[in-house]
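Peer 1:
In the numbering used here, the protein residues as written are 1 to 110.
Okay, structure coming up:
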């Protein structure tokens, strides 16, 4: 994980610290808009988006990007119609991402 204020390397390019906050804000705004649109989608489309968010969130956890993973897995939980074992798996993945980002109390609560 990159230290706060350090340049980020991505795709062979470096993102300087002064652009990092702008990028984070733009990403958060875009994610919020996409989630809002997904809430009004057809049930089939919501299921597809929930599955995509869940798999992307699990990938982010494995890659060590716990903050992104938390957002994706929370979106997957919100959009998903799953119950039982599948919902429990999403919650466990979210707890793992939460613990990885340093929030042990939040992880235990999940």
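By construction, the Cβ of each residue, glycine as well, lies at the ideal position given by its N, Cα and C atoms.
Among residues of its own chain, excluding the 5 on either side of residue 79, which ones have a beta-carbon nearer than 6 angstroms to its beta-carbon?
Peer 2: 38, 46, 49 and 50
Peer 1: Could you check if residue 82 belongs to the surroundings of the ligand ATP, using beta carbon to heavy atom distance under 8 angstroms?
Peer 2: Only the bare structure without any ligand can be found here, which leaves the ligand ATP out of the picture.
Peer 1: Do residue 75 and residue 100 come within 9 angstroms of each other at the CB atom, strictly closer than that value?
Peer 2: no
Peer 1: When you compare each of 34, 55, 64 and 30 to residue 86 by their alpha carbons, which one comes out closest?
Peer 2: 55
Peer 1: Please go through the same chain and pick out, in chain order, the residues whose beta-carbon is closer than 7 angstroms to the beta-carbon of residue 35, but skip the five residues on each side of it.
Peer 2: 75
Peer 1: Out of curiosity, what's the CA-to-CA distance linking residue 83 and residue 103?
Peer 2: When rounded, the separation of the alpha-carbon atoms in residue 83 and residue 103 is 25 angstroms.
Peer 1: Please report the straight-line C-alpha distance between residue 72 and residue 109, rounded to a whole angstrom.
Peer 2: 18 angstroms
Peer 1: Where does residue 101 sit, in a helix, a strand or coil, going by DSSP?
Peer 2: Here residue 101 sits in coil by DSSP.
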